[in-house]
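Every number in my numbering is 124 more than the matching position in the sequence shown, counting from 1.
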Amino acid sequence: MGEATNLLNVMNGALQALSSGEADFNRIISEAKHILPKITNHLKVLGEKGSGFRPRSDAGVQDFYELRDRCLANGTLFEDPDFPCDDTSIFFSKPPTKPFEWRRPSEISTNPKLFVEGATRFDVVQGELGDCWLLAAVANLTLSDQLFYQVVPNDQGFEDKYAGIFHFRFWQYGRWVDVVIDDRLPTCYGKLVFLHSSTQNEFWSALLEKAYAKLHGSYEALKGGSTCEAMEDFTGGVTELYELSEAPENLFHIILKAYERSSLMGCSIEPDPRVLEATTPLGLVKGHAYSITKVKSVDIATPNTSGKIPLLRLRNPWGNEAEWTGPWGDKSREWQFISEAEKAEMGLTFDEDGEFWMSYKDFLQHFSRLEICNLSPDSLTEDPSHQSHKKWEMSVFEGEWVRGVTAGGCRNYLETFWHNPQYRITLVDPDEDDADNKCTVIVGLMQKNRRKQRKMGAECLTIGFAMYQLNNPESLPKPLGLDFFKYTASVARSPSFINMREVSCRFSLPPGVYCIVPSTFEPNEEGEFIIRVFSENKNNMEENDEEVGIGEVDDRVKLPDEPMPEEVKANEKIRELFKKLAGEDMEVDWMELKEILDYAMRNETKNEGFSKDVCRSMIAMTDVDRSGKLGFEEFRQLWIDIKHWKEVFKLYDKSNSGYLSAFELRQALNSAGYHLNNHILNVLCHRYASKDGKISFDDFMMCAVRLKSMIDMFKERDPENTNTATFTLEEWVEKTLYS
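The following block contains the structure:
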């Protein structure tokens, strides 16, 4: 944190200069401008500051600079305790088939370097791990210096301040995180086993792969994947997938525009299930991830015709002679019809380096899938060469599907579908030059942490989304209810529900207000997600949900002003029991309250009684003088609340089972007068629901008690309804502990 100290020194000096009247404003501003980017960079390095998402603790975060300085001071080389150099960091499903030895670069090669003549796509050579999807993205990353050095910081190496420690930055679900590693790499018989450079003493690519393996728990976790996954982790962008057998007519235009915006692109051929990495007659490898490194319409002149032909330059991550041998391949006769000046401008070479050109027509015919990673709006802001490029507008939200609450499944399960999280997006301005006055929108739904959880048996959930147009949004409830979805068809949806990390799709929609509903295919499948919306012009996005607060009690559960005779008789029995248990001080503690409630509510609790926790919380909710006991007037108020909540529970427990479905919790608490959003409902169910998503009568009472206590506590400090309350730390600890 040396930069932070320097900034404080600059600010202190500025204050002293101002107080003495000797301020050199130009010098102060110059020094601050020099240091502030470093501070910003440091915060970005740790990856947890200023992200706009749920806060996360810094406990356990490895600070590269602090660890490096400590090693330099001690004269030691860093050994990473969080990613040990043993077989568990390589495999999790089976023991290794060969003896691995972890070596530092100085033990593998003389004069090790992080970079040799810079970083290029030819530094990416696949090893024995099936992660060509990752390698294709790494090769693409080298095409943009700004993107590359964002992932591979250039403040490290094997010369100055070398301490056996390196760090790499990856985008993870809305945050940039810094991954620290030591430089011990898996080898066999003295050679690197996995990703490596074609230059023997260059190590940036091998170290990058190790950091990515650590991020996901092991090297084996990187086996199998799509290039778009890694491209997103390197850029924070959103990807699109195109099946080339169903390519839209304007796909080359989309590819060209993507290339002009520095998008990363990868492609592949459907694998042959009978042959591993089978080669086609024209030299392409099936099931292998290629990167698209250039897109161009080239002028061609033959004896019979002239004009432009669309060409793509592709690269095989093996970086060897395995190249396309068809038209426009290396040294093919088609190149004689291209001018020498055009060839020079294209950077045309005919080396056996895995890179080749082919026509767009042949590309469609021979490849199966295309992946485009559209960069987020801030990806290129610091690069002067991209200032004239248009950028996407982006909105992003985090959410989760919780069993029985917000995991409603797809529209096939209409009764629960509306419980899924909902997001409202407003599109105002159509795209420029769009003949139909429509807006381009790319929606990406990404599930979180599934690759990392592979070792625990977790696989990707089957996910998708649907979009609904809201013609009169102000008249519609938040969230949209069952009746809306019952009678309203979607206007757009994900191409399919699929078990991949992300599903995304591009739409062309008229300006208006839309609701996006992300879901798993089946109900009650739990997981976290982020949803992102890219558009050419600004979009306004918000959660389509209730505001937390107090509302009216449902008329169906309101108690009559004049109780029925049998109710009066029951109340008298409760009063007599209270007097009997209260003793001389006429107050009851939680144990005596439990005895009263267990008798009065024996039918509702199925004779199991109330838990001590809910009785203690009931005391705290009503105990104005903080004595730990209730007088009769306090008890009488509590008794009214309990009877209200009992009626609410009976209203929704139609089968008299003693349980509510968590899907019914929102409506039940609404009937009790509490308006809650999905975030609060998810927390309540994480805390009080059973594994099968059921809420017992006792736990429903606890939900109601805690809600009333916390809302009353807040309202007490917010008499003017500003939605803001202030507590000292002591007050907050006292009130929350007692409640």
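For every residue, glycine included, the Cβ atom is placed at its ideal position computed from N, Cα and C.
Please read these numbers as outputs of a predicted model, since none were measured by experiment.
query = The beta strand (DSSP E) spanning Ala261 covers which residue range?
reply = Counting along the chain, no beta strand (DSSP E) covers Ala261; the unbroken alpha helix (DSSP H) around it starts and ends at 256–265.
inquiry  = According to DSSP, is Lys162 part of a helix, a strand, or is it coil?
reply    = Its pLDDT being 40, under 50, Lys162 is placed unreliably by the model, and the measurement read from it follows with that caveat. Looking at Lys162 - three-state DSSP - the assignment turns out to be helix.
task = Output the boundary residues of the alpha helix (DSSP H) element that contains Asp760.
result = For the record, residue 760 in the displayed sequence is Arg; it is not Asp. Counted as a single uninterrupted DSSP element, the alpha helix (DSSP H) harbouring Arg760 occupies residues 756–776.
ask   = Is Asn573 helix, strand or coil when you go by DSSP?
value = Residue state, collapsed to three classes: coil.
query = Is the number of C-beta pairs between the region 702–709 and the region 748–765 that are closer than 8 Å three or more?
reply = Yes: the two stretches touch, three or more of their Cβ pairs being nearer than 8 Å.
ask   = What does DSSP give as the partner residues of His799 in its beta bridges?
value = According to the DSSP secondary-structure assignment, His799 is paired through a beta bridge with Gly673.
task = Assign Met710 to one of three DSSP states: helix, strand, or coil.
result = Met710: coil per DSSP, three-state reduction.
query = Could you give the C-beta distance for Leu800 and Arg811, rounded to a whole number, given that I count them as a contact under 8 Å?
reply = Rounded to whole angstroms, the Cβ separation of Leu800 and Arg811 is 13 Å, and the two are not in contact under 8 Å.
query = How many Å lie between Lys815 and Asn648 at the Cα?
reply = Distance between the alpha carbons of Lys815 and Asn648 is about 11 Å.
inquiry  = With three or more C-beta pairs closer than 8 Å as the rule, is the region 649–660 touching the region 585–600?
reply    = Of all C-beta pairs linking the region 585–600 to the region 649–660, three or more are shorter than 8 Å, placing the two stretches in contact.
query = Would Tyr723 be called buried (16 or more neighbouring beta carbons within 10 Å of its own) or exposed?
reply = Exposed, by the Cβ-count rule.
ask   = If you drop the 5 nearest sequence neighbours on each side, which residues of the same chain put their C-beta closer than 6 Å to that of Asn802?
value = Same-chain partners within the cutoff: Thr530, Pro545, Asp669.
Sequence ranges, beta strand (DSSP E) only - wholly within the region 269–312, length at least 3 = Those beta strand (DSSP E) runs which fall completely within the region 269–312 and span 3+ residues are 289–296, 299–306, 309–312.
ask   = Which residues in the same chain as Phe491 place their Cβ atom closer than 6 Å to its Cβ, once the five residues preceding and following it in sequence are excluded?
value = Closer than 6 Å at the Cβ level, and outside the excluded window around Phe491, lie Leu368, Cys391, Ile393.
Val681 beta carbon less than 8 Å from that of Val772 = Annotated as proximal: Val772 and Val681, with beta-carbon spacing under 8 Å.
ask   = Which of the three DSSP states, helix, strand or coil, is assigned to Met355?
value = Residue state, collapsed to three classes: helix.
query = With burial defined as no fewer than 16 other Cβ atoms inside 10 Å of the residue's Cβ, what is the status of Gly348: buried or exposed?
reply = Around the Cβ of Gly348, a 10 Å sphere holds fewer than 16 other Cβ atoms; the residue is exposed.
query = By a C-beta neighbour count over all protein chains shown, 10 Å radius and 16 as the cutoff for buried, is Asn679 buried or exposed?
reply = Just to set this straight, residue 679 is Asp in the shown sequence, not Asn. Counting Cβ neighbours within 10 Å, Asp679 comes out exposed, since fewer than 16 surround it.
query = Could you give the residue range of the beta strand (DSSP E) that holds Glu522?
reply = Here the beta strand (DSSP E) through Glu522 covers 517–525.
request  = With a cut-off of 8 Å on the beta carbons, I'd call Pro597 and Val637 a contact; round off their distance for me.
outcome  = About 4 Å; that satisfies the 8 Å criterion.
Rounded separation between Gly453 and Trp459 - CA only = Annotation: Gly453 to Trp459 spans about 9 Å, alpha carbon to alpha carbon.
ask   = Lys839: which of Gly673, Ser795, Glu732 sits nearest, CA to CA?
value = Ranking Gly673, Ser795, Glu732 by Cα distance to Lys839 puts Gly673 first.
query = For Ser820, which residues of its own chain have a beta-carbon under 7 Å away from its beta-carbon, when the five flanking residues on both sides are left out?
reply = Counting only Cβ-Cβ distances below 7 Å, and skipping sequence neighbours, we find Gly782, Tyr783.
request  = Starting from the Cα of Leu604, find the closest Cα among Lys515, Ile640, Pro619, Leu316 and give me that residue.
outcome  = Among Lys515, Ile640, Pro619, Leu316, the Cα nearest to that of Leu604 is on Ile640.
query = Is Lys237 helix, strand or coil when you go by DSSP?
reply = Lys237: strand per DSSP, three-state reduction.
key: 3-residue-minimum beta strand (DSSP E) runs that sit fully inside the region 477–507, ordered along the chain   = Taken in chain order, the unbroken stretches of beta strand (DSSP E) that lie wholly in the region 477–507 and span 3 residues or more are 479–483, 493–498.
key: Residue from Tyr611, Ala792, Phe327, Lys662 with nearest C-alpha to Asp307   = Here the closest residue by C-alpha is Phe327.
task = Give the single residue among Phe851, Pro205, Tyr343, Pro219 whose Cα lies nearest to the Cα of Arg575.
result = Nearest C-alpha to Arg575 among Phe851, Pro205, Tyr343, Pro219: Tyr343.
request  = Apply the 10 Å Cβ neighbour rule to Val807 and answer buried if 16 or more other Cβ atoms are within range, or exposed otherwise.
outcome  = Val807 comes out exposed.
query = Under the DSSP definition of a beta bridge, which residues are partnered with Phe592?
reply = It is Tyr, not Phe, that sits at residue 592 in the sequence shown. The beta-bridge partner set that DSSP reports for Tyr592 consists of Cys639.
query = To the nearest whole angstrom, what separates the beta carbons of Phe282 and Leu319, a pair I think is in contact under 8 Å?
reply = The beta carbons of Phe282 and Leu319 sit about 18 Å from each other, so the pair does not count as a contact at 8 Å.
ask   = What three-state label does DSSP hand Ser751 in the structure shown?
value = In this structure, Ser751 counts as coil in the three-state DSSP scheme.
task = Output yes or no for whether 8 Å exceeds the beta carbon distance between Leu309 and Ala330.
result = Yes, the Cβ-Cβ distance between Leu309 and Ala330 is below 8 Å.
ask   = Applying the criterion that 16 or more other CB atoms from any shown protein chain within 10 Å of the CB defines a buried residue, is Gly176 buried or exposed?
value = Low confidence applies here, because Gly176 scores a pLDDT of 32, under 50, leaving its location unreliable; read the following figure in that light. It is exposed - the Cβ of Gly176 has fewer than 16 other Cβ atoms within 10 Å.
query = Between Ala828 and Trp763, which are expected to be in contact by the criterion C-beta below 8 Å, what is the C-beta distance as a whole number of angstroms?
reply = For Ala828 against Trp763, the beta-carbon gap comes to about 14 Å, at or over 8 Å, which does not count as contact.
query = Could you give the distance in angstroms between the alpha-carbon of Ala337 and the alpha-carbon of Lys818?
reply = Roughly 39 Å separates the two Cα atoms.
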